[in-house]
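Start counting the sequence shown at 0; every next residue gets the next number (numbering that gives the first Met the number 0).
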Amino acid sequence: MFLQRLRILNYKNIREADLTFSPKINCFVGNNGMGKTNLLDAVYYLSFCKSHSNAIDSQNITHEEEFLMLEGAYNRGERNVEIYCGLKRRQKKHFKCDKKEYEKLSDHIGLLPLVLISPADGALIQEGSEERRKFMDGFISQYDKKYLTCLLSYNNALSQRNAMIKAETRDDLLLDVLEMQMAEFGSYIFARRSEFIERFLPHFSEFHHIVSRGKEQVGLSYRSHLQDATPFEEQLKMTRDRDFVIGYSTKGIHKDDLDMEMDGYPIKKIGSQGQNKTYLIALKLAQFNFLKERNGVRPILLLDDIFDKLDANRVSQIIQLLKDDRFGQVFISDTDREHISSILEDSGCDYLLYKVEDGVVDLLKESAL
């Protein structure tokens, strides 16, 4: 699968662009703040119906404009797909596939699998458990429609339980119903997260070994209250009194976490900047490989300014990986034009090199393949 053409109107600082892409490597170069990340974000938006960096849709419209429009023409092997997104200020967002509007945006998720690697991924290591749950949820939702439905339903029941706790209006019959719902949906989510980590770990270990050249040993494990022998619904009943004192629900899959380790220790405590970035890159490359095996389609891969803080050997290993047939279309943003141009020339891959300045995108170079 690859994106053949992208049209943009009034998306962040990109007022207008009409771009065609290589099915292999596409690179955007320019100084920080010029719009490179916004271009990658537009590609991300067409896969996930939202921006990666700004969840408030209206704030993605170019200043002083009234609307934005994104259009992508994709090749999915035997089928061509056209995706349209239009948004006017103070109006509903419209998302269409082949000119037919979606009834629910969630129906679109998974059609165009995509993996993004960006500096924001550092939050997976440095921030709280919510970031790591989002990683699992966004990942699994791309190949399991029921998972996303159960997640929304679980969160709705959790919100109602928490609202009752905060209002201190205890209704044990209603709590029974909400906790039964949380147990039903939570059990499915727990099972899928457990399965995911078990099947994902070999991919992650392989890619980390390649990128680091075996210099570190890494681990990734899943923690959940549902691993307890006590049934989840019973755990919720047992914690009601304490939850009303504390003011929120203390048990459930909304407290799940991932333990990220290097050489047997939490990487958050001992990892250098380069080691942390290597861990995260391996995590995302494993995500790519896992999705490809599950869906039978190679996802689009976005690499947003990832080469900073990495030594030359690790950068070289990443580029060698991207040349491999297991990877399909790749989008890269970088500030060092000479560096990335040299890497692309030496790669022997089909590529296009674009310059981005103040939201204007110009083709600089293409491979002679």
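The C-beta atom is built at its ideal place from N, Cα and C for all residues, glycine as well.
Since this is a predicted model, take the numbers as computed values, not measurements.
Could you tell me which of the options sits nearest to residue i, measuring between CA atoms?
| i | options | result |
| --- | --- | --- |
| K98 | L113, I108, I82 and R89 | I82 |
| E365 | P22, L8 and I13 | P22 |
| E233 | Y247, G251, R222 and D17 | G251 |
| L8 | N59, K49, K35 and N53 | N59 |
| D143 | I116, E194 and L5 | E194 |
| F326 | D136, D333 and I318 | I318 |
| E392 | E102, D40 and Y10 | Residue 392 cannot be examined here, being either before or after the span of the chain that is shown, 0 to 368. |
| N275 | I124, H338, M33 and L5 | I124 |
| V360 | Y44, L5 and R293 | L5 |
| L38 | P112, R131 and M68 | M68 |
| F330 | D323, L352 and V314 | L352 |
| G263 | S220, R131, I305 and G137 | S220 |
| L301 | L309, K291 and F287 | F287 |
| C48 | N12, A119 and E70 | E70 |
| M33 | I209, I299, N294 and I13 | I13 |
For residue i, which of helix, strand or coil comes out of DSSP?
| i | result |
| --- | --- |
| T116 | Note that residue 116 corresponds to Ile in the displayed sequence, not to Thr. I116 falls in the strand class under three-state DSSP. |
| Y187 | helix |
| S271 | coil |
| D361 | strand |
| F20 | coil |
| Q141 | coil |
| D258 | strand |
| L219 | strand |
| L200 | helix |
| I108 | coil |
| V80 | strand |
| K291 | helix |
| E102 | coil |
| V210 | helix |
| E126 | coil |
| K250 | coil |
| E205 | helix |
| N30 | coil |
Name the two residues that bound the continuous beta strand (DSSP E) containing residue i.
| i | result |
| --- | --- |
| G121 | Where G121 is concerned, there is no enclosing beta strand (DSSP E), given that its DSSP letter is neither H nor E. |
| M68 | F66 to N74 |
| L2 | F1 to Y10 |
| K95 | H93 to C96 |
| L352 | Y350 to E356 |
Which residues in the same chain have their Cβ closer than 8 Å to the Cβ of residue i, if we skip the five residues on either side of it in sequence?
| i | result |
| --- | --- |
| H93 | Y83, C84, G85, L86 and E100 |
| T371 | Past the edges of the chain, shown from 0 to 368, lies residue 371, and the structure says nothing about it. |
| R192 | M135, I139, Y221, S223, I252 and D255 |
Near residue i, what residues of its chain come up, given a Cβ to Cβ distance below 6 Å and the 5 sequence neighbours on each side ignored?
| i | result |
| --- | --- |
| L211 | The question names Leu, yet the displayed sequence has Ser at residue 211. Correct list, in chain order: T277. |
| E178 | E232 and L235 |
| Q3 | A72 and N74 |
| L284 | F206 |
Counting along the chain, where does the alpha helix (DSSP H) carrying residue i start and finish?
| i | result |
| --- | --- |
| R239 | R239 to I245 |
| L301 | Segment I299 to D303 is the beta strand (DSSP E) holding L301; no alpha helix (DSSP H) there. |
| L38 | K35 to F47 |
So with Cβ pairs under 8 Å, would you call residue i a contact of chain C?
| i | result |
| --- | --- |
| R132 | Of the protein chains in the structure, only one exists, and it is not chain C. |
Sorted by chain position, which residues of the same chain lie with C-beta nearer than 7 Å to residue i's C-beta, five sequence neighbours on each side aside?
| i | result |
| --- | --- |
| L157 | M181, S248, G251 and H253 |
| N53 | N59 |
Exercise. Of all the alpha helix (DSSP H) runs that stay within the bounds of the region 306 to 341, which reach a length of 4 or more residues?
Worked result: Whole alpha helix (DSSP H) segments, 4+ residues: 311 to 322.
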